[in-house]
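Here is the structure we will look at.
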Amino acid sequence: MSTFMFKNKNLGYTPVSNVFIDKYMTNARGEYVKVYLLGLKYCISGELGANSAIIASTLSLLESDILNAWNYWSEVGVVKMYAIDNMGNYTIEFLDLTENMSPPVQNVDILKELDNSSIKDMLQDIEKLIGRTLSPKEIECYLSWQKDFNFSPELILLLIQYCVSKGKVDYRYFEKIAMAWHDQKISTIDEAQSFIKKHEDKWINIRKILKYLGVNSPDVMKPQEDMISKWIHTYKFSNEIIYKACDVCFERLNRADFKYIDGILNSWFKSGISTLEDIEKKDKKKLNYKPIVKSSNKDTFNNFEQRNYDFDKLEKDLLGWYDNE
1 MSTFMFKNKN
11 LGYTPVSNVF
21 IDKYMTNARG
31 EYVKVYLLGL
41 KYCISGELGA
51 NSAIIASTLS
61 LLESDILNAW
71 NYWSEVGVVK
81 MYAIDNMGNY
91 TIEFLDLTEN
101 MSPPVQNVDI
111 LKELDNSSIK
121 DMLQDIEKLI
131 GRTLSPKEIE
141 CYLSWQKDFN
151 FSPELILLLI
161 QYCVSKGKVD
171 YRYFEKIAMA
181 WHDQKISTID
191 EAQSFIKKHE
201 DKWINIRKIL
211 KYLGVNSPDV
221 MKPQEDMISK
231 WIHTYKFSNE
241 IIYKACDVCF
251 ERLNRADFKY
261 IDGILNSWFK
271 SGISTLEDIE
281 KKDKKKLNYK
291 PIVKSSNKDT
301 FNNFEQRNYD
311 FDKLEKDLLG
321 WYDNE
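Residue 271 in full-length UniProt numbering is what sits at position 271 of the sequence shown, and the numbering runs on without skipping anything.
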């Protein structure tokens, strides 16, 4: 367990720099952003510090996620992180991000690109999809995908259609998906459609499991997503097997607990269980198991080897009566 000590700036409110939002937040993992914002709130409100267990519990994350988050923000220059001792305790100093702000460099000549009819049509279609006029920054972002990711106008339009179908209309979200597609080496419409289908099939299963657990939020924490993906793709368990593990968890704890369910499924995976019948057989085997214990219930008095005594002789000996008297 680590403790993080904050260098306070008592302002009475929690300011979040626009530089952080525009430059750093869009490229960071969601859980890292949550750790930064909660830490900033603690710092501004006068908290001396908070240990990783409290932060993890508050944000429903793992303690390892907390340390990873602070290391990440330290590496990108958002905070300064100092080790206090060798016990895993640190001081976190939030930096003034405006000092590092530099004017944006425009890599795309928007006016020149608009002479291309296919690009002009693409931008107009995007405006129809999101229901508003595009800003120069958004236009520059979409056009840069052609140069940086080798995306065609048709592929860019498909990407934004996919995002809008999920209820997302922020260009920062579009950019996140574009980077994910680029990482997957997607460059054609067919590759994109195949990726979308595979991704959606995965999320259909994840949402079914979340619904069974009573989790109705459209978003899921990364550790939970990784656990469910492991159950489905690594263990290759059917939804029925996963539901059964959820039922066991509910019966024993009277609540949903991802780590507990993960432990059950890990045990079943190691035992070679792959069907509901396998689970029933294992349960029956446990019920029918009777340990062999040597009986110790017999009357120990009766089992004791009895001795034969001549009580008449004993009586005479005790009283001092002898035959020669």
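Just so it is clear, CB atoms sit at the ideal spot from N, CA and C, and this is done for glycine as well.
Can you tell me whether DSSP reads residue i as helix, strand or coil?
| i | result |
| --- | --- |
| Asn51 | strand |
| Tyr13 | coil |
| Met101 | With a pLDDT of 49 at Met101, under the threshold of 50, the predicted position of this residue should be treated as unreliable, and no value is reported. |
| Lys270 | helix |
| Ile84 | coil |
| Tyr235 | coil |
| Val35 | helix |
| Ile242 | helix |
| Leu95 | coil |
| Lys211 | helix |
| Glu325 | At Glu325 the pLDDT is 48, less than 50, meaning the model places this residue with poor confidence and gives no usable figure here. |
| Phe20 | helix |
| Thr300 | Unreliable positioning characterises Thr300 in this predicted model, as indicated by a pLDDT of 49, which lies under 50. A coordinate reading is not provided. |
| Asp65 | helix |
| Asp121 | helix |
| Thr188 | coil |
| Arg255 | coil |
| Val78 | coil |
| Ala28 | coil |
| Asn71 | helix |
| Glu172 | Reading off the sequence, residue 172 comes out as Arg, not Glu. Note: Arg172 maps to helix in three-state DSSP. |
For residue i, does the count of other Cβ atoms within 10 angstroms reach 16, so buried, or fall short, so exposed?
| i | result |
| --- | --- |
| residue 327 | Since the displayed the chain opens at 1 and closes at 325, residue 327 lies outside it and no answer follows. |
| Val105 | With a pLDDT of only 42 at Val105, under the threshold of 50, the placement of this residue in the model should not be trusted; the figure read from the coordinates follows. Classification for Val105: exposed. |
| Ala69 | buried |
| Gln224 | buried |
| Leu48 | exposed |
| Gly39 | buried |
| Ser64 | exposed |
| Ser165 | exposed |
| Leu114 | exposed |
| Ala178 | buried |
| Asp262 | buried |
| Ala138 | The displayed chain sequence assigns Glu, not Ala, to residue 138. Classification for Glu138: buried. |
| Tyr162 | buried |
| Tyr32 | buried |
| Tyr36 | buried |
Output the distance between the C-alpha atoms of residue i and residue j, rounded to the nearest integer angstrom.
| i | j | result |
| --- | --- | --- |
| Cys249 | His233 | 21 Å |
| Ile156 | Phe195 | 14 Å |
| Lys198 | Tyr212 | 22 Å |
| Ala192 | Lys23 | 27 Å |
| Leu158 | Asp226 | 27 Å |
| Thr133 | Asp170 | 13 Å |
| Asn254 | Gly214 | 13 Å |
| Thr188 | Leu129 | 21 Å |
| Leu143 | Glu200 | 27 Å |
| Tyr173 | Val76 | 20 Å |
| His182 | Asn71 | 26 Å |
| Glu277 | Asn239 | 14 Å |
| Asn89 | Ser52 | 10 Å |
| Ile186 | Phe151 | 9 Å |
| Asn205 | Trp73 | 33 Å |
| Gln124 | Gln146 | 17 Å |
| Lys281 | Ile160 | 50 Å |
| Lys80 | Lys284 | 58 Å |
| Gly46 | Pro15 | 14 Å |
| Lys176 | Gln184 | 13 Å |
Given residue i, which residues of its chain have a CB within under 8 Å of its CB, disregarding the five upstream and five downstream residues?
| i | result |
| --- | --- |
| Ile279 | Ile241, Lys244, Trp268 and Ile273 |
| Glu127 | Thr133 and Leu134 |
Please list, in chain order, all residues of the same chain as residue i whose beta carbon is under 7 Å from its beta carbon, the five residues on each side excluded.
| i | result |
| --- | --- |
| Lys259 | none |
| Pro103 | Low confidence applies here, because Pro103 scores a pLDDT of 41, under 50, leaving its location unreliable; read the following figure in that light. Cβ within range, chain order: n/a, list empty. |
| Pro153 | Ser118, Ile119 and Met122 |
| Lys236 | none |
Can you name, in chain order, every residue of its own chain whose Cβ lies under 6 Å from the Cβ of residue i, other than the five neighbours on each side?
| i | result |
| --- | --- |
| Thr300 | With a pLDDT of 49 at Thr300, under the threshold of 50, the modelled position of that residue is not reliable, and the figure given next carries that caveat. Cβ neighbours of Thr300 beyond the five flanking positions: none. |
| Gly55 | In the sequence on display, residue 55 carries Ile and not Gly. Closer than 6 Å at the Cβ level, and outside the excluded window around Ile55, lie Ile66. |
| Leu59 | Lys34 |
| Ser229 | none |
| Val78 | Tyr24 |
Between residue i and chain D, is there a C-beta pair that is closer than 8 Å?
| i | result |
| --- | --- |
| Lys282 | The structure shown has no chain D; it contains just one protein chain. |
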